[in-house]
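Here the protein sequences line up with chains G and A, keeping their order. Under UniProt numbering, think of the first position of the first sequence as 1, with each following residue one higher. Under UniProt numbering, think of the first position of the second sequence as 1, with each following residue one higher. Beta carbons are placed, not taken as given, at the ideal position from N, Cα and C, and that holds for glycine. Heads up: the structure comes next, in structure tokens.
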Amino acid sequence: MEALKITLQILLGITSLLLTLLILLHKGRGGGMSDMFGGGMTTSLGSSGVAERNLNRFTVVLGLVWGTVIVALGLMMRFSAES
Amino acid sequence: MLSAIGRAFRTPDLRRKLLFTLGIMTIYRVGVFIPAPGVDYGNVQQCLALGNTSGGLYQFVNLFSGGALLQVSIFALGIMPYITASIIVQLLRVVIPRFQELHQEGPQGQSKLTQYTRYLTIALGLLNATTLVSLARSGALLGNCPVPIIPEDNLVVISLIILTLTAGTGLIMWMGELITEKGVGNGMSLLIFISIAAGFPSSLGEIWNTQGVNVFLGVLLVGLLTVAAVVFVEQSQRRIPVQYAKRMVGRRTVGGTSTYIPIKVNMAGVIPVIFASSMLYLPSLIAQFNTPTDGTTAPPEWVNWINTYLVSGDSPFYMAVYFSLIVFFTYFYVAITFNPEEVAENMKKYGGFIPGIRAGRPTAEYLQYVLARITLPGALYLGIISLIPLIALVLINANQNFPFGGVSILIMVGVGLETVKQINAQLQQRHYEGLLR
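Shown next as structure tokens:
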């Protein structure tokens with residue numbers, strides 16, 4: 001049980017870092033504050049090319065792994081505390 | 001209206017967008033309830049049930065994250081780092097000439113600025129996460145709760161929590177961008193919108209439970225009136241007519257049309273209110289640092305003064321300061337975002353003029369004159385709307401996050417209007433009748 005926990009923790013650390021990096025690689029959309037709360041036109045350009053689409057796919061997969069690891073860790077903590 | 005909603009869902013393109021937006025929102029709300037790894041969910045709930053967290057410094061931030069902050073969930077920081085980063089980047093435009101250059105470059109420079117905002121968001125997220133975790137460790141986050149929030153207190157667990165919270169901030173930012181890109185409306189503001197909306201039922205229920213049905217109905221009535229008033233002011237604008245001269249470009253005739261420059265009564269949106277609130281938190285923060293912890297020595301005179309006049313919203317002095325700060329920041333922000341000289345210059349370049357006023361400097365002066373006069377009611381309106389929760393605090397003893405007033409209602413109405421307008425535009429590409437008539 002302890003080994004699994006440590007593995008999950010390491011996995012979580014790695015995925016968190018990678019996720020942050022991948023998200024920073026994306027092209028930003030939207031133009032800051034004035035765009036957020038009314039005013040200004042939103043110019044929505046179409047998604048650009050294959051690179052962005054693959055990046056999207058990677059990010060989604062990584063996000064899923066990240067979420068699963070967190071839920072698993074949470075569950076383990078819950079049940080080890082009660083037993 | 002209902003048939004319009006049905007039609008929106010029957011249009012395949014629009015249906016995909018709406019469902020995508022709803023899906024992302026669901027993921028966001030689910031994430032709010034997943035505790036960060038290493039945080040004991042049971043203990044957090046126990047502490048929240050003790051309920052001495054109200055009135056704290058974090059109420060404002062907690063409002064923006066939809067209750068995620070106090071639960072120390074993976075999305076605890078919410079959208080706040082992104083908002084702070086955008087404000088900083090926007091203000092830096094005044095200070096750093098390079099940012100101003102980028103802003104004037106058009107879409108290319110704008111995307112560069114957005115990229116800077118994103119980096120800054122992650123940095124701020126890291127900073128906020130560290131603060132939050134250290135607060136949670138010392139127990140100060142939940143009002144000195146006896147049970148530990150993080151039971152396993154070692155370096156590995158702590159740094160893991162910080163990493164996770166930072167990644168969560170990034171993920172929220174990305175989800176907002178995805179909505180902007182593939183869904184309807186502006187993603188960031190929609191995420192704030194649902195966070196605030198999620199708090200509505202519980203705070204309304206609280207009023208019902210503690211104050212009785214009569215006060216509850218009164219609050220609803222006042223709320224509806226406020227919403228109507230806010231919609232009215234948000235939609236109102238002054239249209240300055242602009243005539244474009246006819247000219248030949250190559251073999252085609254260009255221009256000769258007459259349009260208008262819309263100048264909204266409330267150009268600044270809710271940002272002045274956010275600025276003013278954060279400025280007013282500073283004194284209480286300083287006072288908190290300077291209060292002796294042992295409890296025997298009395299705090300200095302000026303700390304007492306701050307505590308009586310600048311911390312709680314029920315003193316008239318606080319209200320006056322709040323109001324004047326909002327008025328000031330409204331003018332300040334409008335001056336930053338709308339530059340009459342730039343507009344006049346652009347109009348001159350394309351052969352446009354306001355009837356009766358010469359192009360160039362007189363136009364800029366005229367625009368400045370109109371702007372200064374129309375911003376006054378806008379600023380007063382912002383101030384009054386933001387005072388509603390404070391007045392309600394005095395009148396019916398509601399808690400400070402009174403649902404119908406202040407920042408929440410301005411954001412709700414603003415975002416709602418904007419999103420409905422976008423859906424309308426999408427609908428009208430196919431049919432002629434929109435959601436609103």
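From the options, residue whose alpha carbon lies closest to that of residue i
i, options, result
"Pro37/A", "Leu19/G, Ile23/G, Leu24/G, Leu8/G", "Leu8/G"
"Gln426/A", "Val157/A, Pro107/A, Gly183/A", "Gly183/A"
"Arg57/G", "Ala72/G, Phe79/G, Leu19/G, Val69/G", "Leu19/G"
"Ser195/A", "Val39/A, Met80/A, Ile423/A", "Met80/A"
"Leu132/A", "Gly205/A, Ser203/A, Val72/A, Ile179/A", "Val72/A"
"Val420/A", "Ser284/A, Asn209/A, Val231/A", "Val231/A"
"Gln237/A", "Ala85/A, Ile374/A, Ser86/A, Ala8/A", "Ile374/A"
"Phe317/A", "Ile172/A, Gly109/A, Ala335/A, Leu390/A", "Leu390/A"
"Ile14/G", "Ile70/G, Phe79/G, Ser80/G", "Ile70/G"
"residue 491/A", "Glu234/A, Gly256/A, Thr259/A, Val249/A", "Nothing about residue 491/A can be reported from this structure: the residues present for chain A run from 1 to 437 only."
"Ile10/G", "Leu92/A, Thr164/A, Met25/A, Gly6/A", "Thr164/A"
"Ala68/A", "Ala129/A, Lys349/A, Leu120/A", "Ala129/A"
"Leu380/A", "His103/A, Glu418/A, Val265/A", "Val265/A"
"Lys27/G", "Tyr116/A, Leu92/A, Asp40/A, Gln45/A", "Tyr116/A"
"Ala335/A", "Gln90/A, Phe75/A, Gly106/A, Phe20/A", "Gln90/A"
"Tyr41/A", "Arg78/G, Ala3/G, Ala72/G, Ala51/G", "Arg78/G"
"Ser278/A", "Ile87/A, Arg15/A, Leu70/A, Arg29/A", "Ile87/A"
"Gly274/A", "Pro35/A, Val242/A, Ile83/A", "The identity of residue 274/A in the sequence shown is Ile, whereas the question assumes Gly. Among Pro35/A, Val242/A, Ile83/A, the Cα nearest to that of Ile274/A is on Ile83/A."
"Leu417/A", "Val39/A, Lys348/A, Leu190/A", "Leu190/A"
"Leu120/A", "Thr166/A, Pro107/A, Gln100/A", "Thr166/A"
Exposure of residue i, with buried meaning 16 or more beta-carbon neighbours within 10 Å
i, result
"Phe33/A", "exposed"
"Gly125/A", "buried"
"Trp302/A", "exposed"
"Asp13/A", "exposed"
"Ser34/G", "Below a pLDDT of 50, predicted positions are generally treated as unreliable, and Ser34/G, at 48, falls in that range; no measurement from the model is reported."
"Ser138/A", "exposed"
"residue 96/G", "No statement about residue 96/G is possible, as the shown extent of chain G runs from 1 to 83 and does not include it."
"Ala268/A", "buried"
"Ile6/G", "exposed"
"Thr68/G", "exposed"
"Val156/A", "exposed"
"Ser45/A", "Residue 45/A is actually Gln in this sequence, not Ser. Result: exposed."
"Phe9/A", "exposed"
"Met41/G", "Low local confidence applies: a pLDDT of 41 at Met41/G is under 50, so the model's placement there is unreliable, and no value is given."
"Thr253/A", "exposed"
"Gly414/A", "buried"
"Ala276/A", "buried"
"Thr308/A", "exposed"
"Met248/A", "exposed"
"Thr26/A", "exposed"
"Leu110/A", "Residue 110/A is actually Gln in this sequence, not Leu. With 16 or more Cβ atoms within 10 Å of its Cβ, Gln110/A is classed as buried."
"Asn304/A", "exposed"
"Gly6/A", "exposed"
Under 8 Å by beta carbon: chain A residues contacting residue i
i, result
"Leu24/G", "Arg118, Tyr119, Ile122, Gly170"
"Leu19/G", "Ala167, Gly170, Leu171"
"residue 95/G", "One cannot answer for residue 95/G here, as it falls past the ends of chain G, which runs 1 to 83."
The ligand SAM heavy atom lying under 7 Å from the CB of residue i
i, result
"Ile161/A", "This structure lacks the ligand SAM, and indeed carries no ligand of any kind."
Contact set between residue i and chain A, taken where Cβ atoms lie within less than 7 Å
i, result
"Leu73/G", "Pro37"
"Leu55/G", "The contacting residues do not exist; Leu55/G stays about 11 Å from chain A at best."
"Leu12/G", "Pro37, Leu160, Thr164"
"Ser80/G", "Those within 7 Å of Ser80/G in chain A number zero; the least Cβ separation is about 10 Å."
Contact list for residue i against chain A, beta-carbon separation under 9 Å
i, result
"Lys27/G", "Ser111, Thr114, Gln115, Glu177"
Chain-ordered neighbours of residue i on chain G, where CB pairs are closer than 9 Å
i, result
"Ile34/A", "Gly67, Ile70, Val71, Gly74"
Partners in chain G for residue i, counting only beta-carbon separations shorter than 8 Å
i, result
"Val156/A", "Gln9"
Closer than 8 Å between beta carbons: that is the criterion. Which residues of the segment 100-120 of chain A meet it against chain G?
Residues of the segment 100-120 of chain A that bring their beta carbon within less than 8 Å of a beta carbon in chain G comprise Pro107, Gln110, Ser111, Leu113, Thr114, Gln115, Thr117, Arg118, Tyr119, in sequence order.
Specify whether the segment 405-414 of chain A and the segment 370-386 of chain A touch according to this definition: at least 3 beta carbon pairs, one from each stretch, less than 8 Å apart.
Here the segment 405-414 of chain A lies against the segment 370-386 of chain A, with 3 or more beta-carbon pairs under 8 Å apart.
Contact set between the segment 82-100 of chain A and chain G, restricted to residues whose Cβ is under 7 Å from the partner
Of all residues in the segment 82-100 of chain A, Ser86, Ile87, Val89, Gln90 have a Cβ within less than 7 Å of some Cβ in chain G.
In the segment 378-394 of chain A, which residues sit with their C-beta less than 9 Å from some C-beta in chain G, listed in chain order?
Answer set for the segment 378-394 of chain A: empty.
Proximal residues, the segment 63-78 of chain A versus chain G, C-beta separation under 9 Å
Identification of residues in the segment 63-78 of chain A having a C-beta nearer than 9 Å to some C-beta of chain G yields Ile74, given in sequence order.
Taking 8 Å as the threshold, find out whether the segment 248-257 of chain A comes into contact with the segment 271-285 of chain A through three or more Cβ pairs.
These segments do not touch.
Do three or more CB pairs link the segment 168-187 of chain A to the segment 77-91 of chain A at distances below 8 Å?
Verdict: yes, contact present.
Do the segment 335-344 of chain A and the segment 352-366 of chain A meet, that is, are 3 or more Cβ pairs less than 8 Å apart?
Contact holds: three or more Cβ-Cβ distances are below 8 Å.
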